[in-house]
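Protein chains in written order, with the numbering used here: chain A, 186 to 386; chain B, 16 to 280.
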């Protein structure tokens, strides 16, 4: 009754299955240690920014720097655009990626004050598919500890994280929903989305 | 006022409805269509959106100010104590569900935790178990029991007051309410302390996580889609069904790849 799997699902699964068999098992340069080191660096930088007690605007700038340095913004941005990234021109993708980076920095950077007095600890690392999943625990004052996973990949040529998953909630997938809604509201106009994204967050 | 409205809504769900609901759900064969699809399974979107609008209005008018007021008026320590008390009262139901799930370890750990917090924690006001580094509570519910029994997630639903849910979790929440051992073991006036504490605890959460909830409800382009996505991701994660293994590799769908990565779930 509920099993009318759409053509797209079948296609997607087929492609996923083919991809899984065809993609040569890369000689992964990224090791558990490499992934952990990256997250250690991110955590250290985040903790440093929180402890600095700077005003919000400079914290947001710092956060954008961390994001630029350690995240694969290209892949995150394109992934949040989803299917629409197919019809975007190269120039649009570039402009979108830049606007998206600022948007994420503002949106999440302004929440930094909630981390005051908090602590992020790296717990474990394991290999999942082509990436490494680094599990960490965040302890904030007055709330139970929660889990944050960083998904680290070297497929861009550098060790970078491409997703941050808080208690199962992926930043990338949540932003994909958000960007999709924004695009719907603008009747699919990518240029309008880029213009508004520069102000959003 | 708030607890009464919660109950009036939930009391209307009669056990017959539940039975029919459970049967209808179990009748659906695996794999779970709600999880295998890229898009959330939401055939009742129009009704859900109406309910979302109602909930949002209620939040704006009542729950949000009450939550913020509560959080501001009551000292953090007291808020924590009330939260502990509410959490401890939820333990017997969790223990029953652990048993129904065949999770002996969870049932035992939750029982120890309940005993320790009820005694050393002075009736549950203090979370002595966590201070003693005992295993974390399972926080399970009948929705999870249905999940372990192989019941499919079913269509997405937005419930009045309670917000996002799946059909499976709606059945679970109703069963939990009707079968909470405390409501049978504890005499009448004291029984409602738990309800009052639970409501206070939700208000406290609304106040404490105000910025997060506000950003979802009032700052996103489509708060319905945003809360749905966040709820489903988090719920599946808590059921052990949402690890990053389920994501497609975003690098496999490079610029030259004509297909989007339908990576969720």
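All residues carry an ideal CB built from backbone N, CA and C; glycine is no exception. For clarity, every value in this text was computed on a predicted model and none was experimentally measured.
Point to revise | residue 309 of chain A: first and last residue of the uninterrupted beta strand (DSSP E) it sits in | key: The residue labelled residue 309 of chain A in the question sits at position 124 within the first chain. Start and end: 304 to 313.
Exercise for review: Count the other CB atoms, across all protein chains shown, that sit within 10 Å of the CB of residue 205 of chain A; report buried if there are 16 or more and exposed otherwise.
Suggested key: Within the first chain, residue 205 of chain A is the residue found at index 20, counting from 1. Residue confidence for residue 205 of chain A is low, a pLDDT of 47 falling below 50, so the modelled location carries little weight and cannot support an answer.
Check your understanding: Taking residue 91 of chain B as the reference, which of B:222, B:69, B:63, B:73 has the closest Cα?
Key -> Start at 1 with the first residue of the second chain, and residue 91 of chain B comes out as number 76. The shortest Cα separation from residue 91 of chain B among B:222, B:69, B:63, B:73 belongs to B:222.
Check your understanding: Out of curiosity, what's the CA-to-CA distance linking residue 231 of chain B and residue 241 of chain B?
Key -> In the second chain, the residue the question calls residue 231 of chain B occupies position 216. In the second chain, the residue the question calls residue 241 of chain B occupies position 226. Approximately 6 Å, taken between the alpha carbons.
Check your understanding: If you drop the 5 nearest sequence neighbours on each side, which residues of the same chain put their C-beta closer than 6 Å to that of residue 163 of chain B?
Key -> For the purposes of this step, residue 163 of chain B is taken as the residue at position 148 of the second chain. Counting only Cβ-Cβ distances below 6 Å, and skipping sequence neighbours, we find 116.
Check your understanding: Roughly how many whole angstroms lie between the Cα atoms of residue 253 of chain B and residue 352 of chain A?
Key -> By 1-based counting over the second chain, the position of residue 253 of chain B is 238. By 1-based counting over the first chain, the position of residue 352 of chain A is 167. Straight-line Cα distance between these residues: approximately 8 Å.
**Study point:** residue 252 of chain B Cβ short of 7 Å to the ligand FAD heavy atom set
**Key:** Among the ligands in the structure shown, none appear at all, so the ligand FAD cannot be discussed.
Exercise for review: Express the C-alpha separation of residue 341 of chain A and residue 267 of chain B in angstroms, rounding to a whole number.
Suggested key: Reading the second chain from its first residue, position 252 is the one you call residue 267 of chain B. Reading the first chain from its first residue, position 156 is the one you call residue 341 of chain A. Computed Cα separation, rounded: 11 Å.
**Study point:** residue 186 of chain B to residue 194 of chain B span [Cα, whole Å]
**Key:** Along the second chain, one-based indexing puts residue 186 of chain B at 171. Along the second chain, one-based indexing puts residue 194 of chain B at 179. Residue 186 of chain B and residue 194 of chain B: Cα-Cα distance of roughly 12 Å.
Exercise for review: Output, in chain order, the set of chain B residues within a Cβ distance shorter than 7 Å of residue 367 of chain A.
Suggested key: For the purposes of this step, residue 367 of chain A is identified with residue 182 of the first chain, where counting begins at 1. Under the 7 Å cutoff, chain B gives 236.
Point to revise | Distance CB(residue 178 of chain B)-CB(residue 249 of chain B) smaller than 8 Å | key: As a working mapping, residue 178 of chain B is identified with position 163 in the second chain. As a working mapping, residue 249 of chain B is identified with position 234 in the second chain. Going by C-beta atoms, residue 178 of chain B is not nearer than 8 Å to residue 249 of chain B.
Practice item. Report the residue ranges of all beta strand (DSSP E) runs contained in full by the segment 250 to 308 of chain A; include only those spanning at least 3 residues, in chain order. Key: none
Check your understanding: So who's on the other strand from residue 354 of chain A, going by DSSP bridges?
Key -> The residue you call residue 354 of chain A lines up with position 169 of the first chain. Looking at the DSSP assignment, residue 354 of chain A forms a beta bridge with A:351.
Check your understanding: Under 9 Å Cβ-Cβ, which residues of chain B neighbour residue 215 of chain A?
Key -> Stepping through the first chain from its first residue, residue 215 of chain A is reached at position 30. Under the 9 Å cutoff, chain B gives no residues; its nearest Cβ is about 12 Å from residue 215 of chain A.
Exercise for review: Could I get the ranges of all uninterrupted beta strand (DSSP E) runs contained in the segment 135 to 190 of chain B, with 3 residues as the minimum, in chain order?
Suggested key: 171 to 174, 178 to 181
Check your understanding: Quick one: what does DSSP say residue 234 of chain B is sitting in, helix, strand or coil?
Key -> Counting from 1 along the second chain, the entry for residue 234 of chain B is found at position 219. DSSP places residue 234 of chain B in coil when its eight states are reduced to three.
Point to revise | Three-pair Cβ contact test at 8 Å for the segment 324 to 343 of chain A versus the segment 237 to 247 of chain A | key: no
Check your understanding: What residue from B:169, B:54, B:81 has the CA that sits closest to residue 225 of chain B's CA?
Key -> As a position in the second chain, residue 225 of chain B is number 210, starting the count at 1. When each option's Cα is compared against that of residue 225 of chain B, the closest is B:81.
Practice item. Work out the CA separation of residue 141 of chain B and residue 209 of chain B for me, nearest whole Å. Key: One-based indexing of the second chain puts residue 209 of chain B at position 194. One-based indexing of the second chain puts residue 141 of chain B at position 126. For residue 209 of chain B and residue 141 of chain B, the distance between alpha carbons rounds to 15 Å.
Check your understanding: Can you give the Cα-Cα distance for residue 255 of chain A and residue 129 of chain B, rounded to whole angstroms?
Key -> Counting from 1 along the first chain, the entry for residue 255 of chain A is found at position 70. Counting from 1 along the second chain, the entry for residue 129 of chain B is found at position 114. Spanning the two alpha carbons is a distance of roughly 43 Å.
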